[in-house]
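**Q** Reminder that position 122 of the sequence shown reads as 122 in UniProt numbering, one-by-one numbering, no gaps.
A virtual CB, placed ideally from N, CA and C, is assigned to each residue, including glycine.
Every value quoted in this text rests on a predicted model; they were computed, and no experiment measured them.
Input: one structure, supplied below.
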Amino acid sequence: MTWVQRGGLSSVVFALPLLVIFGVFSWWPIVRSVVMSFQKTNLVGAPRWVGWNNFQYVLTDPDLPTAIRNTLYFALLALVIGFPIPLVTAVLISSVRRRKGLFSALAYLPVVVPPVVAVLLWKFFYDGSADGVFNTILGWVGLGPYTWLSSPSLAMPSLVVEATWAAAGGTVIIYLAALISVPDELYDAAEVDGAGVWRKVWHVAMPQLRGVLLITFILQIIGTVQVFLEPYLFTGGGPANATLTILLMIYNYGFGSSLGGNYGAATALSVMLAAFLAILSLVYFKLTSGWSKS
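Rendered as structure tokens:
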């Protein structure tokens, strides 16, 4: 009765719709995926329990090492290219005196473009002929032409560049919001001490952004490891499996065959990927728990 009088029951009533929605659309599919990873099913007939066979099938798939290697390569390139660009862009925008809102809107504009439209647009840019957009521009300085999406060595970097362009705007806005919270007195004190723009960024802004940087770093790792749209729409995993990623493998297991998907293998690989990312996140936050406080 004391719990009810203090508003406990009303809190549960208000939270119940949210709990039901999350339960039906998030938590229940996760539970079903774990169960299906131990079953052989086509989602039509009765499922048959096969134990660890799905995991064994995935782990012995000859394409799995290639998919892991490509996924890690994409994640590494995305961190090298895509992690510093939003930070530098946010710092530059925050340092301008006029029309800061305009530059912020321009930086965020690619996020508004539908992902499929963005990929189709960049696929046109990546035309491998001499008349392609990028090849034409490079031809002005005597370079190219390059077969961007048909080259095993250039396909993955090409995907990373487009993915960085499409997603960097959201991170720029996050960094801008964090930079606004930095007290102006800190910049004034640094300027009195003779600090230039980049010294103020390094010694004033960066320490204040440390907590945000730690969060965006792990979020970018999780996002890049789950890359699917770009390999699927740009190259379909080619050429010669050069852009085959783990999520594309999951898709091929489940929907790549017109004769019926191997949903057990697809969910087994999904569960393994989720477990890896969960462990990685726990270790990361454990190692960096004191960094944002010092």
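Inspect the beta-carbon positions of residue 160 and residue 77 and report whether they are closer than 8 angstroms.
**A** Contact: yes.
**Q** Please confirm whether residue 148 and residue 169 have their CB atoms less than 8 angstroms apart.
**A** It is not a contact, given that the beta carbons lie outside the stated cut-off.
**Q** Can you grab the Cα-Cα spacing for the pair residue 289 / residue 257, in whole Å?
**A** Rounded to the nearest angstrom, the two C-alpha atoms are 45 angstroms apart.
**Q** Helix, strand or coil for residue 226? Go by DSSP, reduced to three states.
**A** Coil at residue 226, not helix or strand.
**Q** Would DSSP call residue 15 helix, strand or coil?
**A** Correct three-state label for residue 15: helix.
**Q** Hey, out of 200, 83 and 179, whose CA is closest to residue 187's CA?
**A** Considering only alpha carbons, the answer is 200.
**Q** For a test of the three-state rule: what should DSSP assign to residue 52, helix, strand or coil?
**A** It is coil, neither helix nor strand.
**Q** Identify the residues that DSSP records as bridge partners of residue 286: which are they?
**A** BP columns for residue 286 are empty, so no partner.
**Q** Going by DSSP, name the residue or residues bridged to residue 40.
**A** Partner(s): 48.
**Q** With respect to the alpha helix (DSSP H) encompassing residue 68, which residues constitute its N-terminal and C-terminal limits?
**A** Counting along the chain, the alpha helix (DSSP H) containing residue 68 begins and ends at 64 to 77.
**Q** Determine the DSSP secondary structure at residue 251, reduced to helix, strand or coil.
**A** Looking at residue 251 - three-state DSSP - the assignment turns out to be helix.
**Q** Once DSSP output is grouped into helix, strand and coil, what is the label at residue 126?
**A** Coil at residue 126, not helix or strand.
**Q** Is the distance from the Cβ of residue 215 to the Cβ of residue 281 below 8 angstroms?
**A** No, the Cβ-Cβ distance between residue 215 and residue 281 is not below 8 angstroms.
**Q** Using 8 angstroms as the threshold, is the C-beta distance between residue 33 and residue 270 below it?
**A** Yes, the Cβ-Cβ distance between residue 33 and residue 270 is below 8 angstroms.
**Q** Mind checking which residues open and close the alpha helix (DSSP H) that includes residue 158?
**A** Looking at the DSSP string, the run of the alpha helix (DSSP H) that includes residue 158 is 155 to 180.
**Q** Classify residue 231: buried if its beta carbon has 16 or more other beta carbons within 10 angstroms, exposed otherwise.
**A** Under this definition residue 231 is a buried residue.
**Q** Pick helix, strand or coil for residue 281, following the three-state DSSP scheme.
**A** Helix.
**Q** Determine the closest residue to residue 273 out of 287, 245, 284 and 262, with distance taken between C-alpha atoms.
**A** Nearest C-alpha to residue 273: 245.
**Q** If you follow the alpha helix (DSSP H) that residue 134 is part of, which residue opens it and which one closes it?
**A** Residue 134 -> alpha helix (DSSP H) spans 133 to 139.
**Q** Going by DSSP, what residue range makes up the alpha helix (DSSP H) through residue 110?
**A** Taken as a continuous stretch (DSSP letters only), the alpha helix (DSSP H) holding residue 110 covers 100 to 112.
**Q** Give a yes or no on whether the C-beta atoms belonging to residue 162 and residue 119 are separated by under 8 angstroms.
**A** Yes.
**Q** Verify whether the separation of the beta carbon atoms of residue 89 and residue 107 is less than 8 angstroms.
**A** Closer than 8 angstroms, so yes.
**Q** Note down the Cα distance separating residue 237 from residue 110, rounded to an integer number of angstroms.
**A** C-alpha separation (whole angstroms): 24 angstroms.
**Q** Look up residue 232 in the DSSP assignment and say whether it is helix, strand or coil.
**A** Residue state, collapsed to three classes: helix.
**Q** How far does the alpha helix (DSSP H) with residue 93 in it extend, from its first residue to its last?
**A** 84 to 95 is the span of the alpha helix (DSSP H), which, as asked, contains residue 93.
**Q** Leaving out the 5 sequence neighbours to the left and right, which residues in its chain are closer than 7 angstroms to residue 266 when beta-carbon positions are compared?
**A** Correct list, in chain order: 250, 253 and 254.
**Q** Consult DSSP for residue 60 and reduce its assignment to one of helix, strand or coil.
**A** In this structure, residue 60 counts as coil in the three-state DSSP scheme.
**Q** Within the 8 angstroms Cβ cut-off, does residue 231 reach chain B?
**A** This model lacks chain B altogether, as it is built from one protein chain only.
**Q** So residue 242 is in the alpha helix (DSSP H); what residue range does that whole segment cover?
**A** Element bounds for residue 242: n/a, residue is neither H nor E.
**Q** Give the C-beta separation of residue 42 and residue 263 to the nearest angstrom, bearing in mind that I take them to be a contact with Cβ-Cβ under 8 angstroms.
**A** Indeed, because the Cβ distance is near 7 angstroms, the residues count as touching under 8 angstroms.
**Q** Does the Cβ-Cβ distance between residue 242 and residue 114 come in under 8 angstroms?
**A** The answer is no: Cβ separation not under 8 angstroms.
**Q** Determine the contact status of residue 133 and residue 124, defining contact as a CB-CB distance below 8 angstroms.
**A** Yes, the Cβ-Cβ distance between residue 133 and residue 124 is below 8 angstroms.
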